[in-house]
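Letter by letter, the sequence shown follows residues 760 to 1112 in our numbering.
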Amino acid sequence: MKKKGSHTCLLAATMASILLLMMVLYGTINSQHPDSPHFKHDYQLLGRPLFKLDISWPKNPELFGGKAFGVAVNHYAEVVYVAQRGDDVPKILVFTTSGDFLMSWNSSTLEMPHGIFLADPDSPNPTVWITDVGNGPYGHCIKQYSPSGNLLQVLGTPGTAGNRLNPLQFDQPAEVFVHSSGEIYIVDGDGGANNRLIKLSKDLEVLWVHGERGPGLAQLYIPHSVTVDSYQRVWVADRGNKRIQVFDAATGDWLATWGSCFTEDSPYSVRLTPDKKYMVVVQLNTNQVSLLEAPPVGVVGQCHVVSVIQLADGVKPHLVDVDHKTGSLYVAEIDAGQVQKYVPFHQGESSFY
C-alpha cells in the first residue's frame, strides 16, 4: 500500500507539472510582481511560444511614474532607457538589463518624448536620440543627448510645426533610426501634417524622401516606426494605412507592402530579432506583440505571423526595442505606465515561473 501511495503521489506531481507547463506555454499567465500589484502582467501566448515575461524586471517598478512611450537598449553596456510623459516625473529613466535602477534625467528642452533610439549601441556611451512631439517652444524636433542627458544637437526648428516643403522642419516626428553607418532614417508624422520617410546622410544632407500622404504604393499616413535590416531594406510601420511598407535603403525605391496581417489593428512599432528570423511588431489597440517571419534577402513576399504575445486589455503597448545581445524584448506600455521585458524561452527556463 505504501508503494501504491508513492506512485499515486508521483503521478499527481507529474500531472501538476504538465498542467503548469501547458499554462505557461499556451494559457493565461497572471503573475504579479510582489511589490507592484497594480501593474498589469497578464498575458497569453498564441502560436509558437517564443518569449516569456520576466516578472523580476525591473527590480523597482514603482519608479515608473508616468506613461511609458518609448524604450531603447544599449546591449554593450547592458542599459535600458525609458522615455515617459507625465506631470512631475523625469522624462528619462535608466535601468540595467538585469533590472537595477541607475538614474533618471530631465531636460527643459524635452517636452513630449515619443520615440527613443540609441545610436552606436556597440559603444559603451552611445548617444540618445529622442523625437519630441510637443507643441510648445521646444517641440516638433529630434534631439540628440549624451547618456547623462546633456543636449548635443537639435534637428528641426524648435516650436515650429513643419510644412511639406522643408524636409528638416518636422511636424510631430514619431521615430528615428540611426544606422551604424551614421545615416539617419526618420518617420515624420505622428498625427501632424507631414507624412514622410526621410533619409539623411551622417552630415545631415537629405538623400531621399517619401512625403506624399495616401494609401498608394510609397505613400504614407501616420508613419510611426522605422528600422533597417542587414539586407539594406527599410521597414516602416505605416500606421494610418494599417500596413508595413518596405523600401530600398540605398535608393529609396519601394519594394513591398505587408497588409494582410493587420486587418484588426495597425502596426505601431517594428524591430528585428538579433537572429534576423522575426520581425517584432506592436499593435496598440489590440494589445499585441507579434512575431512575423522575416524574409531573407530577395523577394519580401507576404507577411506571416508565427507567434503572438497577447497582453491584458488596457495595456496599450506603443514602441518596442530588442536587446541584440540576449534577444530580449522591451515593450513600452502607455496605459499600463510601465515597460515590460520578455526573454526568449531558451533563457533561464526555470527563472521566472
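By construction, the Cβ of each residue, glycine as well, lies at the ideal position given by its N, Cα and C atoms.
Anticipated Cβ contact below 8 Å, residue i with residue j, distance rounded
i, j, result
"V1029", "I1003", "6 Å"
"H899", "G915", "6 Å"
"S1025", "R998", "4 Å"
"G806", "V1065", "6 Å"
"S866", "G893", "Their Cβ separation, rounded to whole angstroms, is 12 Å, which puts S866 and G893 out of contact at 8 Å."
"G948", "L979", "7 Å"
"L1043", "Y1027", "5 Å"
Residue i vs residue j beta-carbon contact at 7 Å
i, j, result
"K826", "G1011", "no"
"V1040", "S1049", "yes"
"V839", "F854", "yes"
"D930", "G941", "no"
"P872", "F823", "no"
"L959", "I981", "no"
"S700", "E934", "As shown, the chain starts at 760 and ends at 1112. That puts residue 700 outside it, with no answer to give."
"A1015", "V1005", "yes"
"G1086", "P1033", "yes"
Sequence-distant residues of its chain with Cβ nearer than 8 Å to residue i (five each side left out)
i, result
"D1072", "N1046"
"Q912", "K902, Q903"
"D879", "P885, T886, V937, S939"
"V965", "P926, L927, I957, K958, L959"
"L910", "S866, T868, K902, Q903, Y904"
"E971", "N954, A977, Q978, L979"
"A1009", "Q991"
"M781", "Because the pLDDT of M781 is 41, which lies under 50, any placement of that residue in the model is unreliable, and the question is left without a value."
"S882", "Y835"
Sequence-distant residues of its chain with Cβ nearer than 6 Å to residue i (five each side left out)
i, result
"H1105", "none"
"Y897", "T868, E870, P917"
"H969", "L956, A977"
"P906", "N884"
"V1098", "A827, V830, V841, Y1089, A1091"
"G786", "Its pLDDT being 39, under 50, G786 is placed unreliably by the model, and the measurement read from it follows with that caveat. No residues qualify anywhere along the chain."
"M774", "Any answer about M774 is weak, because its pLDDT of 43 lies below 50 and its placement is not dependable; what the coordinates show is given next. There are no such residues."
"G895", "E870"
"K1100", "D813, W816, S1087, Y1089"
Top-ranked residue by Cα proximity to residue i, from the options
i, options, result
"K961", "H938, G918, W864", "H938"
"N925", "R955, V935, S907", "R955"
"H834", "V968, L877, R992", "L877"
"P1054", "V1098, D1094, R992, A952", "R992"
"Q1113", "Q978, L809, W1017", "With the chain covering only 760 through 1112, there is no way to say anything about residue 1113."
"F810", "Y1037, V1074, Y980", "Y1037"
"T1022", "W1013, A1009, P1033, K1001", "K1001"
"A836", "Y1101, Y1089, D1082, N953", "D1082"
"K1114", "V1059, Q928, K1084, I1093", "Residue 1114 lies beyond the range of the chain shown here (760 to 1112); nothing can be said about it."
"D891", "Q843, S882, L861", "Q843"
"W967", "V1059, N953, G975, D1007", "D1007"
"L852", "I889, W864, A1009", "W864"
"L963", "I945, N953, K1084, E971", "I945"
"K850", "I889, P1103, W1013", "I889"
"K1035", "K1084, T856, H1077", "K1084"
"V1058", "G845, D846, W1013", "W1013"
"V1102", "G845, T856, F860", "T856"
Closer than 6 Å: residue i CB and nearest the ligand GDP heavy atom
i, result
"H899", "Judged by which ligands are present, the structure shown has none, so any question about the ligand GDP falls away."
Cut-off 7 Å between Cβ atoms - residues of its own chain near residue i, not counting five sequence neighbours on either side
i, result
"Y802", "I788, L812, I1068, Q1069, L1070, A1071"
"T986", "F936, W994, V1029, R1030, L1031"
"G858", "S815, W816, P817, K818"
"Q928", "G915, T916, T919, G921, N922"
"V848", "G824, G825"
"H1063", "L1051, E1052"
"G845", "G824, G825, K826"
Could I get the ranges of all uninterrupted beta strand (DSSP E) runs contained in the segment 846-931, with 3 residues as the minimum, in chain order?
851-855, 860-864, 872-878, 886-891, 900-904, 910-914
Could you pull out every unbroken beta strand (DSSP E) segment of at least 3 residues lying fully inside the segment 1067-1110, listed in chain order?
1076-1081, 1088-1092, 1097-1103
Ignoring anything shorter than 3 residues or poking outside the segment 951-996, list the beta strand (DSSP E) runs there in chain order.
955-959, 965-969, 982-987
Which runs of the beta strand (DSSP E) spanning at least 3 residues fall entirely within the segment 1005-1035, listed in chain order?
1013-1017, 1028-1031
What ranges does the beta strand (DSSP E) occupy inside the segment 1038-1071, keeping only unbroken runs of at least 3 residues that lie completely in it?
1047-1052, 1064-1070
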